[in-house]
Every structure is written in C-alpha cells, then in structure tokens.
Amino acid sequence: AMGEVLAEELPRLQDRHASIGEVRGKGLFWGIELVRDRETREPLVPFNATGEAFAPVAKLAKAAMERGLYLMTHWNVIIVAPPLTITRDELDEGLGVLDEVLSVVD
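Here it is in structure tokens:
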C-alpha cells in the first residue's frame with residue numbers, strides 16, 4: 009500500500025522540481041534522478057564525483073539530515089527505500105522533507 013503512495017507522490021515531486029529528471033521504481037524501492045537540465049538529461053553531478061563536483065548532492069543530503077531524513081544517494085540518484093513497516097504518516101513526513109530540501113538543488 010505504501011508503494012502505491014510513492015508511485016503517486018514521487019511523480020508529483022518531479023512536477024514541482026526542475027532538478028528531477030526521472031522518477032522510477034516499484035513498491036518501496038525508487039530512484040530519483042537529479043539533473044542539471046531535463047532536456048539534455050545532464051546529471052546534476054558527474055559520474056563518480058567527489059569534492060566540489062559532488063557538492064550539490066552533499067548539500068541536499070545535509071539539509072535533509074538536519075531535518076531528520078537520511079537520504080541514500082548514489083552520484084546523481086536519490087534512492088528512496090523506506091522500511092517495509094513504514095506508516096502513511098511517516099511516509100508523508102519524509103516526502104514533505106524531501107520536497108522541501110529539493111529546493112537546494114533546483
């Protein structure tokens with residue numbers, strides 16, 4: 009049931025945030041691809057980025073952590089994989105934080 013919530017809510021985040029190039033997943037395992045430009049699909053950070061090149065994703069993850077949400081990231085992808093026991097209230101809270109902090113990279 010919570011996977012269906014993600015299937016509805018994550019594409020809504022994409023509508024609100026220019027930095028989201030693609031949302032894909034199933035059940036409670038999703039990826040949010042972050043891009044500099046949706047048309048060219050240029051990744052927000054380069055493959056295997058570190059240091060200053062990785063700074064946009066690092067800032068996003070830090071902002072989320074400061075609000076109580078741990079983000080798993082892999083270069084330019086946010087991995088959304090909450091515990092299978094997550095409640096709707098917990099999921100809504102996490103999605104709200106994610107919506108808020110995506111403005112860091114928009």
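9 is the number of the first residue of the sequence shown in our numbering; add one for each residue after it.
Note that the Cβ used here is the ideal one computed from N, Cα and C, for glycine as well.
Would you decide whether residue i is buried or exposed? Buried here means 16 or more other CB atoms lie within 10 Å of its CB.
i   : result
G29 : buried
S27 : buried
L5  : Nothing can be reported for residue 5, as the shown portion of the chain is limited to 9 through 114.
N84 : buried
E74 : exposed
G35 : exposed
A9  : exposed
A72 : buried
Pull the bridge partners of residue i from the DSSP assignment, please.
i   : result
I87 : G39, M80
D45 : E50
I94 : Paired residues: none, contrary to the question.
R32 : G39
Determine, using beta carbons only, whether residue i and residue j come nearer to each other than 9 Å.
i    : j    : result
V105 : T81  : no
I94  : I40  : no
V31  : L77  : no
L99  : L14  : yes
R46  : D107 : no
Grab me the residues of residue i's own chain with a C-beta within less than 7 Å of its C-beta, minus the 5 sequence neighbours each way, in chain order.
i    : result
V113 : S27, L42, L52, P64, L68
R49  : G29, V43
Among residues of its own chain, excluding the 5 on either side of residue i, which ones have a beta-carbon nearer than 6 Å to its beta-carbon?
i   : result
F62 : V53
Excluding the 5 residues flanking residue i on each side, which residues of the same chain have their C-beta closer than 8 Å to its C-beta?
i   : result
A89 : L36, F37, W38, M80
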